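To keep things clear, I will list the structure first and then write my remarks on it.
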Amino acid sequence: MKRIVVFVVLLTALLLTACGPAAAAAPEACNAELGCAVISKDQTLKVGYAGPMTGDYSQFGIDMSNAMKLAVADFGDVQGWKVEMAIEDDGGGAEGGAAVANKLVSDPTFVAMAGHAFSGATAAAMPIYEKAGIPMMSPSATNPDLTTKGSAVFNRNAFTDTEQGIGAATYLYEKLGKKKLALMHDGTDYGQGLANVVKEHFIELGGEAVAFEAVTPGESDYSAPLAAVASTQPEALYFGGYNAEASVLVNQMEQAGLSGVVFFGGDGIYGKDFLSKVGDNGEGVYAATLVPPGTDPILKFNEIYLESYGTEAGVLSAYTWNSYDAVGALVKAINSVAIVEGDTLYIPRGALVQAVRTMKDYQGIAGVITCKESGECNASGPVFYIVKGSEWIPAE
């Protein structure tokens, strides 16, 4: 008798289970090759960012992630689900870039990448995001080769090193009247690539490139390569690299016999950290940057940034505003493909990749973002600043 009772109880439980409500089927869009990110009602969906959060270049990572947090506060809702920033330290290099990408794609709630910050890390991470179907929008990876690799997922709203390199060469030759240019670089994808663009265009304009010297990042004495440069008697020195190395070069130029030679750098040297390291030696240094016009949205953002972080927008890096816009653009694309079924949010990954690549007329605070088939979504090009009285001001 006891066995019969147990059997009846089990049979009843099975029948109740079979007759209960079936789990909601995934949308048809999730049958595509890349599938869907599936977010339950108690989860948040994640947009990633990776840059150097510690070390010599940390001002870039801190500034950009700060702006992205403000973007999430403003736009961080997808069909009632909260968007969260997944912020990682990749150190700015290829090894860190790949490691962070592998970590992020292992999270099923991770759907898009607002980065990476540096070109070397970006290049290493791209194949990993490609395989996982994660669209990227980098506010700052400027190496022109990144959009020539046939990637379906890499996009950027930053100007390229081709644009800033041609602009710098033209400014040096035509505006400043320099005819003999020495070039130095840090050997990175970004720094060496940028210096090459400047060199080639300067020669095309009719100038002479008298030196092309590399420095080793992280060192504190560049007297040997500076001496080699000084022996060529240049009228100007262009450096492709970041502020840590640029500041060492600027501080040692006079001792190397380069007093009075114009120092010109890319967007990688712009910011408060450079000024704090060079002091009075920085007077007259030029750099490329992106400083958008003082429109009402920009002024409002600048006010909120200062209130939130105690420093002015654009002081730590040139990419404050681009970073805010990158997250806003990605969240808009996510919203455009999101599907809600019951208590579950589905993000079709293939559709999201396509939505980002075909984005048109997104009104950001730094400009309008429209993506080309290559992934170039640049809203505006570089401008040049000069150090006067220990401050960066627009160059004439």
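The letter at position 284 of the sequence shown is residue 285 when you use my numbering, and the numbering goes up by one with no holes. The beta-carbon is built from N, C-alpha and C at its ideal position, and this holds for glycine as well. Owing to the predicted nature of the structure, the values given are computational and were not obtained by experimental measurement.
Integer-rounded CB distance, given that residue j should sit under 8 Å from residue i
i	j	result
Glu131	Ser152	6 Å
Val251	Gly283	6 Å
Tyr58	Gly93	5 Å
Ala115	Met69	6 Å
Pro383	Leu291	6 Å
Gly269	Gly242	6 Å
Ala398	Ile335	As shown, the chain starts at 2 and ends at 397. That puts residue 398 outside it, with no answer to give.
Met65	Tyr320	5 Å
Gln80	Val341	5 Å
Tyr347	Val39	6 Å
Gln60	Asp274	5 Å
Opening and closing residue of the alpha helix (DSSP H) in which residue i lies
i	result
Asp297	Asp297 to Tyr310
Leu331	Thr321 to Val338
Leu195	Asp190 to Leu206
Leu227	Ser224 to Ala231
Leu105	Ala95 to Val106
Ala245	Asn244 to Gln253
Glu131	Ser120 to Ala133
Ile167	Asp162 to Thr171
Bridge-paired residues (DSSP) for residue i
i	result
Phe76	Paired residues: none, contrary to the question.
Lys389	Glu392
Tyr287	Phe265 and Ile387
Pro349	Cys37
Gly52	Asp90
Ser139	Arg157
Pro363	One point to set straight first is that residue 363 is Tyr, not Pro, in the sequence displayed. According to DSSP, Tyr363 bridges with Ile370.
Val341	Leu346
Lys176	Lys176 is not bridged to any residue.
Leu46	Val84
Glu377	Arg157
Sequence-distant residues of the same chain with beta carbon closer than 6 Å to residue i, five excluded per side
i	result
Glu377	Thr148
Lys150	none
Thr13	Low confidence applies to Thr13: its pLDDT is 43, below 50, so where it sits in the model is not reliable enough to give any reading.
Trp322	Pro293, Ile366 and Ala367
Asn67	Tyr310
Trp393	Tyr386
Gly166	Leu195, Val198 and Val199
Pro22	Because the pLDDT at Pro22 is just 41, under 50, the model does not fix this residue reliably, and the point stays unresolved.
Lys180	Gly208
Gly98	Asp91, His117, Ala122, Ala125 and Ala126
Glu89	Ala51 and Val101
Met54	Gly62 and Asp90
Glu255	none
Boundaries of the beta strand (DSSP E) in which residue i is found, first to last residue
i	result
Ile1	The structure shown does not extend to residue 1, since the chain is modelled only from 2 through 397, so no value can be given for it.
Glu209	Glu209 to Ala215
Cys263	Cys is not the amino acid found at residue 263; the sequence shown has Val there. Per DSSP, Val263 belongs to the beta strand (DSSP E) from Val263 to Gly266.
Val292	Where Val292 is concerned, there is no enclosing beta strand (DSSP E), given that its DSSP letter is neither H nor E.
Lys181	Lys181 to His186
Lys273	Here Lys273 belongs to no beta strand (DSSP E); instead the alpha helix (DSSP H) covers Lys273 to Val279.
Tyr239	Ala237 to Gly241
Ala26	Note, Ala26: premise wrong, no beta strand (DSSP E); not H, not E.
Ala113	Phe111 to Met114
Own chain, CB closer than 8 Å to residue i, minus 5 neighbours either side, in chain order
i	result
Thr45	Trp82, Lys83, Val84, Glu85 and Thr110
Ala215	Met185, His186, Asp187, Gly188, Gln193 and Pro226
Tyr363	Asp326, Gly329, Ala330, Lys333, Val369, Ile370 and Thr371
Ala95	Gly121, Ala122, Ala124 and Ala125
Val10	For Val10, the pLDDT reaches just 41, beneath the cut-off of 50, and the residue's location in the model is therefore unreliable, although a value from the coordinates is still provided. There are no such residues.
Glu175	Leu206
Gln253	Asp222, Tyr223, Ser224 and Leu227
Ser375	Thr148 and Thr149
Glu313	Asn303, Tyr306 and Leu307
Ala87	Lys47, Val48, Gly49, Tyr50, Leu105, Asp108 and Phe111
Thr359	Cys372
Contacts around residue i, its chain only, beta-carbon distance under 7 Å, and the 5 residues preceding and following it disregarded
i	result
Ala352	Ala30 and Val338
Ala183	Val211, Ala212, Val230, Thr233, Pro235 and Leu238
Phe8	Because the pLDDT at Phe8 is just 40, under 50, the model does not fix this residue reliably, and the value given afterwards should be weighed accordingly. Excluding positions up to five away in sequence, the list is empty.
Asp190	Ser120, Gly121, Ala124 and Asn144
Asn163	A small correction: the amino acid at residue 163 is Thr; Asn does not occupy that position in the sequence shown. The residues are Pro145 and Val198.
Val354	Gly134, Pro136, Ala153 and Val154
Ala72	Tyr325, Val328 and Gly329
Phe203	Ala170, Leu173, Tyr174, Leu182 and Ala210
Legend entry - Segment contact, 8 Å Cβ cut-off, at least three pairs: the segment 235–247 with the segment 263–282: Yes: at least three Cβ pairs fall under 8 Å.
Inset, instruction - Report yes or no: do the segment 348–368 and the segment 154–163 share at least 3 C-beta pairs separated by less than 8 Å? - result: Counting Cβ pairs under 8 Å, three or more are found: they touch.
Legend entry - Sufficient close CB pairs (3 or more, under 8 Å) joining the segment 111–120 to the segment 294–301: Taking 8 Å as the limit for Cβ pairs, the verdict is that the segment 294–301 does not touch the segment 111–120.
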